[in-house]
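Chains as they are written, first to last, in my numbering: chain S, 11 to 266; chain G, 4 to 259.
Where a beta carbon is used, it is the ideal one built from N, C-alpha and C, also for glycine.
Beneath this line is the structure, given in structure tokens, with notes to follow.
Shown next, in the form of structure tokens:
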């Protein structure tokens with residue numbers, strides 16, 4: 011208990027130090043470079059405050075979060091299903107795993123031209139690209155974990171008369187949850203990168219990626235740095251706060 | 004439930020594990036299978052549980068061929084068979100939930116059974132928070148709650164220290180006397196077999212055949228096994244333990 015708390019405090023302190031370090035180097039670069047190439051840290055924060063008061067910023071943020079939620083959410087659900095099925099059916103396991111390993115080496119952004127033509131200019135190609143980025147690590151981690159569920163846990167459920175569905179819900183799913191969460195955190199990193207880059211390329215309606223690309227096009231470096239700041243902070247908050255909370259909740263028994 | 008083994012043979016590839024096993028276990032009888040480790044006693048249990056099938060010969064329960072697991076024939080494993088992500092009461096209730104009993108009713112019944120194995124007050128603990136002996140008490144409750152007609156025990160107390168083991172043997176004996184299932188107990192602990200069983204089958208090394216059958220019915224059982232001294236010596240000799248030499252090694256001049 012106390013060791014967990016100390017670990018938590020130590021990790022928070024590490025984050026504070028890291029953030030100070032990053033901002034310091036940014037500021038050092040700003041001192042050496044002219045303002046139109048690298049803005050001061052305070053200038054970016056002032057811009058950020060202005061953005062907070064503009065509805066365009068919130069619209070873009072809302073669009074990006076919706077795309078992330080739809081793509082990442084469906085990838086997690088699909089990854090769990092495919093992972094469980096692939097892990098329990100011996101016949102499909104090896105070819106499916108090989109297919110995933112091949113497909114996941116393709117950067118998800120490489121699919122953009124195909125989906126743009128296939129699905130038309132809109133939200134859908136971005137969502138699908140995000141989903142592709144998140145799906146593979148999720149499915150792979152669930153599949154690997156499913157294979158290594160303890161034999162005695164499966165045998166015990168069988169002698170208790172569990173049906174196939176009960177077995178999946180009550181034994182396999184909780185047994186693979188620790189690996190699933192690790193996979194889902196990895197998947198989030200992929201999804202986030204895919205989202206921002208797809209928005210930068212596709213440029214359909216407002217969004218964090220589009221806003222960043224646009225600032226670059228008009229050589230507004232304060233805008234560029236502000237957008238990068240927002241992208242970095244959001245990713246850290248979602249990963250370290252939201253996903254960590256869910257992890258502690260689902261794996262409560264491990265932290266007692 | 005009466006179990007009938009008719010020339011049951013089990014082989015894995017060329018390796019014969021059980022050879023032409025013949026016996027009838029009457030309803031309510033308690034039979035212990037004793038033998039060197041790895042001789043295939045557990046395979047006999049797994050076949051009765053329906054987890055494995057015989058290579059040749061027939062195995063019937065109340066005249067019906069055993070092919071699949073059934074909650075009527077339940078198995079208690081050596082250890083680690085409780086689900087670590089569930090509390091003790093959830094583990095016990097699961098046996099009823101797998102038989103589609105409503106959650107509330109299952110929980111109430113589980114509470115009662117935890118009381119019968121003296122675990123009242125530990126309902127909300129997770130398996131890793133309690134001792135090995137308590138985990139096996141919980142495993143017994145999970146087995147008995149489904150009112151099995153056949154109770155299969157695979158070295159249930161093998162991982163426990165001697166004192167805890169004796170306490171648990173008494174708990175098990177009481178439960179068997181109250182519930183009267185047919186019991187097949189696999190153990191390498193000769194004293195455990197003598198204390199619990201009506202009949203002991205002594206197995207040889209692989210391929211396992213029955214070396215000796217000892218009827219113990221009508222002899223009142225306590226942990227004081229002095230009445231069994233002759234039988235005990237006999238069984239140990241069959242298992243290759245020399246009970247008559249004072250000590251081994253030293254007087255024969257072997258290096259220590």
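Bounds of the beta strand (DSSP E) holding residue 217 of chain G are 213-218. With its beta carbon at least 9 Å from every one in chain S, residue 27 of chain G lies outside the interface. For chain S, the residues of the region 121-145 of chain G that bring a beta carbon within less than 7 Å of one of its beta carbons are 129, 132, in chain order. For the set G:242, G:147, G:134, G:206, the Cα lying nearest the Cα of residue 164 of chain G is the one of G:134. Counted as a single uninterrupted DSSP element, the beta strand (DSSP E) harbouring residue 185 of chain G occupies residues 185-190. Annotated three-state conformation of residue 73 of chain S is helix, per DSSP.
When only Cα atoms are considered, residue 195 of chain G and residue 254 of chain S end up about 48 Å apart. Apart from the 5 residues on each side of it in sequence, residue 49 of chain S sits with its Cβ closer than 6 Å to the Cβ of 231, 232, 235 in its chain, given in chain order. Beta-bridge pairing by DSSP links residue 169 of chain S to no other residue. Under the 9 Å criterion on CB atoms, residue 54 of chain G is classed as interfacial with respect to chain S. Here residue 227 of chain G is exposed: its Cβ has fewer than 16 other Cβ atoms, across all protein chains shown, within 10 Å. With a threshold of 9 Å between beta carbons, residue 255 of chain S makes no contact with chain G. Contact annotation: residue 219 of chain S and residue 207 of chain S have beta-carbon atoms nearer than 9 Å. DSSP places residue 243 of chain G in the coil class of the three-state scheme, outside both helix and strand.
Counting only residues of its own chain and dropping the five nearest sequence neighbours on each side, residue 64 of chain S has no CB closer than 6 Å to any other CB. With at least 16 other beta carbons inside 10 angstroms of its own, residue 184 of chain G counts as buried.
Between the alpha carbons of residue 95 of chain S and residue 126 of chain S lies a gap of roughly 31 Å. The way I'd put it, the region 138-145 of chain S does touch the region 104-124 of chain S; three or more beta-carbon pairs between them come closer than 8 Å. When the beta-carbon positions are compared, residue 9 of chain G and residue 19 of chain G stay at least 9 Å from each other. Beta bridge pairing from DSSP links residue 157 of chain G with G:189. Residue nearest to residue 218 of chain G within the set G:73, G:180, G:172, G:235 is G:235 (criterion: CA-CA distance).
Note that the region 76-88 of chain G touches the region 147-160 of chain G; at least 3 beta-carbon pairs, one per stretch, sit closer than 8 Å.
If you look at residue 36 of chain G, you'll find it in the beta strand (DSSP E) that goes 33-37.
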